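Working notes for the structure below.
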Amino acid sequence: MTAAQPTPAARPPYASPGAWRICYVHAADIGAPSDDTAWNAVCERARAGGFDMLMCSPLWRLPEGARLFAPLDADQCDPTVQAGLSMEDALRRLVDATARHGLDLALDLLVGRVAVDAVPGTLDPAWFRTQADDSDRDPRQPAAQWEVLRLRDGPPAPAFLQQWQERLTRWICCGVKGFRCLEPHHLGGEAWREMLAPLRQAFSDARFFAWTPGLNPWQVQDLRQAGFDAVYSSLPWWNLRAPWLAQEDLRLRAVAPVIAMPEPPFEQADPQRFERAMWAAAVSGDGIMAMPRGDTQWDIAGKAVRWRAETPLRGTPRLAVGDRGYCTVLLRDGVRDRSTTDGAAYALLINPDDGMPARADWSGATNLLPSSLLRATHGAESALLPPGGFKLETSRGLSQLSEAHTRPATGRPDPRQTPRIAVEAVSPVIEHGTLSPKCVVGESVRVQADIFVDGHDTLAAEVQWRATDETAWQIAPMRFVDNDRWQAEVLPTRNGPHEFRITAWMDEWETYRNELRKKHAAGLRLELELREGAIKLREALLASRQNHADARARVDVAMAALAEAARAAKADEAATSGKDEPIEALSIETQDTMVAILLDQDLARAMEAIAPRPFLYESPVPYPLWVDRRTAAFSSWYELFPRSQSATPGRHGTFDDVQARLPDVRAMGFDVLYFPPIHPIGRAHRKGPNNSLQAGENDPGSPYAIGSPDGGHEAIHPELGTLDDFLRLVQAAREHGMELALDFAIQCSPDHPWLAQRPEWFTRRADGTIRYAENPPKKYEDIVNVSFYRNTAKRARLLPLWRALRDVVLFWVEHGVRIFRVDNPHTKPLPFWEWMISDIHMRHPDVIFLSEAFTRPKMMYRLAKIGFTQSYTYFTWRNDKHEIAAYLEELAGEPVADFFRANFFVNTPDINPYYLQCGARSAFLARAALAALGAGSWGLYSGFELCEWQPVPGKEEYLDSEKYELRQRDWDAPGNIKAEIAQLNAIRQANPALWSQRGYRTVPNGNPHVLSFMKACADGGSTLLAAINLDPYNVQHTGLEVPFDAPVRSGRTTVQAEDLLDGGAAVWHDGRVDVALHPGRPYRVWRLTAPD
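In structure tokens:
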């Protein structure tokens, strides 16, 4: 083997974390680097298996019999690998071998420990703690831990970091492309950053992976500053059913992309478990690392790795854990293009039980499924997976709806044509069917109606529903509930306009079966009834369509069985010939046999499919239903001013400064990052600090004064950056699992280009001036408003203006923005909003509009009905226990929840709530908990996490408001509540009961300062109980009346309560539970389940 530096084989660049497919080997198991045969065999097998990197355990010299990787001599090769060889010589030979097979070489790296008798070049006593220094070491640690020395506490010595920089530089120059950094917390994030930064600058293709299993959350968070290329999940230690895997994944992704392994290095699982774990790693990780052994494991690993190489994935994995006979579902989205929010999707179903089969029940994961998988799995049978089994479900994304649906005009039916069957009080229906109720993809929609008819015949009904660009109807049978109320559940799987209608008919076969059952139970003679049954079967066959072959065949079988029973009893052929002569008397046995044939349930299902439907009722006009993507109902918003994000006091922030803050915002659990207007700001009448009328030369002005010579609503304020900078930020936010939301504010500064280009869009007063904007008592001298109608007698619409405003939204949609917060929509005409939102949704149904309409309830609700996706609410001003409870009940109930989605903002740049002006940290915690737990969507304006409260005296406004000046902050200032916010958002993500505003129920307690409530899914699959202290100054004690009925089956008098803040669980028995809520943490949250 030559020692010359090789030219690596061509391979795809590391354009995405998906390129990391790492085969791990133990160097001592393979042999000397000079052994061409052994190393070539490993490389050939790794390349054939789809791997693109070979990672070795340390090659350096270790103490004899060492059980850890701490080096004895970090610059010499270990004798078990090849004696007398320097590390550089060994690495050159291995790089040559791997490169000839198209593989990169990577090494394990342990810098925080050395062997106790390490050579001087590796061990400097000034850097490491001696055994005498380490006398307090825990004697219960493994003996292997006593064979090594650890770094001294505190920052590592500069000489130590320099030595490792030089050593790594030599190794990288030999061709090593990556390092798995073991025990990274011993060095710390800051030291890693200092050591790696020069290496990254010199070697852009070198990769550093942090081995993070076993680290606590604070140690993981510290590594964010290090700049690692990837971290490792704890998947090998997952029991396939615990929810912590998804929670850990969120923490890890705040640091770097995640590499997953099927099993720990050097541990070997049986083939079945290895295969299951291998696919879990392939689906959950951004990269994959495996150490296959034996032909079986190599074959298994090759299939999963090649699939991962061909399958680009995005986003974070989502998890629906399986228990009590159900599978665990691990979900992951595929890539998508910029024009859609849908794409390929993958779901790995895993039976976590090695001894029992488990049911693959999709209904338990509908809230997590991407729309393409919902579509693929809707109506699928709930199959059984064998013990230890798994199955990968995949679906290519379906195109979203893009055609607007025009419904015919409604009219009152002719009374002479009134159907015999009455159908009334259909829900969900908004404004008599002229406007659309809302749901989200994967949300089960309950359709109800009163259905009744004269007499006592049995009725049947169904809901027929479809996307408006489809021709075929999907069917959901309705079931009787009570008092003539019927209902069915439909599950839309696509984003966009849908419609549904109700059909009902008199079910003659079921009426016949009911009468036959009753008469047979009474012991009556049934010869005539049996003849009638045969006739009905024959009529059904004659009336049925040929496309019900299975049902027709089942009816044929029943008729043949009836004829056979009659012949056996020597009855005449009247029952099957169609003649009218009476049937001879049948024996009791024959009658029982024929009754059993006619009452058979399979026959009933066949007749349901092919029997005539007399007096059929159909809804005269289909009812509309709008289906949003999930973010419309469940999202966590963080608002910031980009211009204030500079780390340098006094410097105007840029989009690049915002990008630097993305990890911090995402670490708090937010998935929507919202900006006030980012457009050029006018100079005319520019506002100064605290809304003063005089602005200094360097005062930035209000971003709501949109427009200057630099452009209008489609331009970017030059100091923020360019459009390319913005697009880069949009992409970076996506990579962090966030979307950008922009402010759509229909207002102009006097410098806006439209004033010169389209003066007819503005109404002028008698003196020729334009009235500035007002929202009494507030005045906005730096803003003028457009006029939506012509100043003529007919007040015709200014259609060019309407189209121009729509085109502004389309411009930003085409540049990657799918969420808009609309400023003061209640001050603009309702017809404009209904037209504009409909037009946008016709082209892009995934666009979300948040209404900032702090106005009268009926106007807020009307805006929601005509198309706004979400709305700000009165939550900001609800402080008393009873008014908060009443408001939450209103929002969670029907019909409000059918069309109005609340977004609970705890503060805004315009609103500094009086409740928070006490400055108490507990007040901020209480409001965050109320918002995060009470609504499906919530948000905060930056500074809230720092408990900023200073008001303009006597007003609900912030002193030194960021609307008029730059505000740099210390985002880690003492007393912040970032950790608590992150925990609340993690609880939201893990509990479907919090994914909408529905399911709220006040839980009684005797304390006027404590609000306690329950949130539960309709199916009872997720139930939470919360208690919040509304008194920011005092400890409050109360007793909760535990709701035993919701999370458990009927008859239970105990419930298991899992503490979601502190961990642990307890079984609560019938009665009251006493809690104490301290100002330091004024809320408690429990997950309620049935006891095992």
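Per numbering that gives the first Met the number 0, the sequence shown starts with residue 0, numbered consecutively. Even glycine gets a Cβ: it sits at the ideal position worked out from N, Cα and C. Quick caveat, the model's predicted, so the values are computed rather than measured.
- When rounded, the separation of the alpha-carbon atoms in proline 776 and tryptophan 876 is 19 Å.
- Secondary structure note for phenylalanine 451: its beta strand (DSSP E) is the uninterrupted segment 444-451.
- Scanning its chain for C-beta atoms nearer than 8 Å, with the 5 sequence neighbours on each side dropped, one finds around glutamate 773 the residues Tyr779, in chain order.
- If the five residues before and after glycine 532 are omitted, its C-beta is found closer than 6 Å to the C-beta atoms of Leu597, all from its own chain and listed in chain order.
- When the Cα atoms are used, arginine 855 and alanine 901 turn out to be separated by approximately 15 Å.
- DSSP places tyrosine 914 within a helical segment (H, G or I) once states are collapsed to three.
- Ranking Val254, Gln967, Leu800 by CA distance to the CA of tryptophan 753 puts Leu800 first.
- Judged by their CB atoms, alanine 740 and phenylalanine 669 are not nearer to each other than the 8 Å cut-off.
- Following the DSSP letters along the chain, one finds proline 78 in no beta strand (DSSP E) but inside the alpha helix (DSSP H) bounded by residues 78-81.
- Taken through DSSP and simplified to helix, strand or coil, isoleucine 705 comes out as strand.
- Per DSSP, the continuous alpha helix (DSSP H) segment holding lysine 517 begins and ends at 507-520.
- Judged by DSSP secondary structure, glycine 301 falls outside any beta strand (DSSP E) and instead within the alpha helix (DSSP H) spanning 293-309.
- With three or more CB-CB distances shorter than 8 Å, the stretch 631-638 counts as touching the stretch 936-953.
- If you look at proline 216, you'll find it in the alpha helix (DSSP H) that goes 216-221.
- Isoleucine 501 has its alpha-carbon roughly 6 Å from the corresponding atom of glutamate 617.
- When rounded, the separation of the alpha-carbon atoms in glutamine 590 and glutamate 526 is 8 Å.
- Secondary-structure assignment with DSSP links leucine 329 through a beta bridge to Leu318, Leu347.
- Per DSSP, arginine 1000 is one residue of the beta strand (DSSP E) stretching across 999-1001.
- Arginine 1086 counts as buried, since no fewer than 16 other beta carbons sit within 10 angstroms of its beta carbon.
- Tryptophan 237 is classed as buried because its beta carbon has at least 16 other beta carbons within 10 Å across all chains shown.
- Annotation for histidine 840: the continuous alpha helix (DSSP H) segment containing it runs 829-842.
- Between alanine 659 and alanine 253, the CB-CB gap reaches or exceeds 8 Å.
- By the C-beta density criterion, lysine 962 is buried, having at least 16 other C-beta atoms within 10 angstroms.
- In this structure, proline 351 keeps its C-beta atom at 8 Å or more from the C-beta atom of leucine 383.
- For aspartate 742, there is no enclosing alpha helix (DSSP H); the residue is part of the beta strand (DSSP E) that begins and ends at 738-743.
- Contact fails between the stretch 626-633 and the stretch 514-526, because fewer than three Cβ pairs, one in each stretch, are under 8 Å apart.
- In this model, alanine 89 and proline 57 are separated by some 11 Å (Cα to Cα).
- The C-beta distance from histidine 497 to arginine 465 rounds to 7 Å, short enough to meet the 8 Å contact threshold.
- With three or more CB-CB distances shorter than 8 Å, the stretch 992-1003 counts as touching the stretch 890-908.
- Distance between lysine 517 and tyrosine 511, taken at the CA atoms: about 10 Å.
- Put simply, of Trp760, Arg240, Met288 the residue whose alpha carbon is nearest the alpha carbon of glycine 324 is Arg240.
- Secondary structure of methionine 858 (DSSP, three-state): helix.
- The three-state secondary structure of serine 56, taken from DSSP, is coil.
- Apart from the 5 residues on each side of it in sequence, glutamate 514 sits with its Cβ closer than 8 Å to the Cβ of Glu528 in its chain, given in chain order.
- Minimum Cα-Cα distance from glycine 700 among the listed residues Val452, Asp742, Ser960 corresponds to Ser960.
- Secondary structure within the stretch 643-667: not one fully enclosed beta strand (DSSP E) run of 3 or more consecutive residues is present.
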